[in-house]
Ligand code: AHR
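Numbering (the numbering used here), first residue to last: 2 to 326.
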């Protein structure tokens, strides 16, 4: 009985002391707080991009506050203001459109909170309002898409009727993929642009856009579809399945992102060219933030373009490594 009393007292003291101990390393240390405002989750690419940023800051050294703006710039501005009010150490912003950021970025600068751009770019006179931008080279993506078409039709004098399904209006990838493409098409190609439509980077809207184009022009009169991302391309393929058109043969399909699902369709011959847009920005963002934390601001470049490839029907498709998303 005496022994039992002794063990009971020891147990009680143990419980008491464990209650006083710090609950986690995070509380003990002082994590660097990052406010991350993602523009939405319109595509599979976007989901991978969000994951990539989150994975990079998983250690106890950092605390990431995540806000999804559900495709609205006004929500992004609201999120940024809430980060400023919470006095985070740094903000990571994936801007949905290029313009309209001056006021809120000035507010962040006045509060001494640097803003790092993830993925897309912004148009701004004073570029000291953001620290750097990490993302893909959207202009080059358009260049690569056109290079495929130049190769496909090299030596041909046929008129090529083309449809362009763009991503969200006023976003960097939409603007740059368009110009990169049309600036690069060989001047000898007889291109007739039948239609330019918005598909908002979404499966459903890609499908709706091609449905509309079919009604207006008839798909039998289209030779090439240039779709600004794989999700819209998936919507287009879904639509084509209900028609007598064979994608990849009757209509050439050029897409962007190079996610696994689309690469499978390239291998199956239904997509002819898929240009990579690299969603894995997390590691490079982490590297920049480490420089910032070490006070090595001069070593931070104004822009970091990630490495990106292009996959076409002319390649040895068996060599493509799993895409990871
Ligand atoms: O900004 C990158 C683009 O946005 C990707 O190509 C697209 O899939 C995403 O939604």
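The C-beta atom is built at its ideal place from N, Cα and C for all residues, glycine as well.
Within the same chain, and ignoring the five residues on either side of residue 84 in sequence, the residues whose Cβ sits closer than 6 Å to its Cβ are 36 and 92. Counting C-beta atoms within 10 angstroms of its own C-beta, residue 134 has 16 or more neighbours from the protein chains shown and is therefore classed as buried. Segment contact: the region 189-197 against the region 126-141, fewer than three CB-CB distances shorter than 8 Å; contact not assigned. In this structure, residue 49 has its CB at a distance of at least 6 Å from all heavy atoms of the ligand AHR. Remark: the C-beta of residue 230 is in contact range of the ligand AHR, defined as less than 6 Å to any heavy atom. Look at residue 258: its beta carbon is less than 6 Å from one of the heavy atoms in the ligand AHR.
Here residue 172 is buried. Its C-beta has 16 or more other C-beta atoms within 10 Å. Using a Cβ distance threshold of 7 Å, residue 274 and residue 257 do not count as a contacting pair. Residue 155 has its Cβ no nearer than 6 Å to any heavy atom of the ligand AHR. Excluding residues up to 5 positions away in sequence, 167, 168, 169 and 229 lie with their Cβ nearer than 7 Å to the Cβ of residue 175 in the same chain. Residue 277 carries a strand assignment under DSSP once its states are collapsed to helix, strand and coil. In this structure, the alpha-carbon of residue 34 lies about 5 Å from that of residue 89. Annotation for residue 102 indicates a beta carbon at 6 Å or more from all heavy atoms of the ligand AHR. Taking a contact to require three or more Cβ pairs closer than 8 Å, the region 70-80 and the region 123-130 do not qualify as touching.
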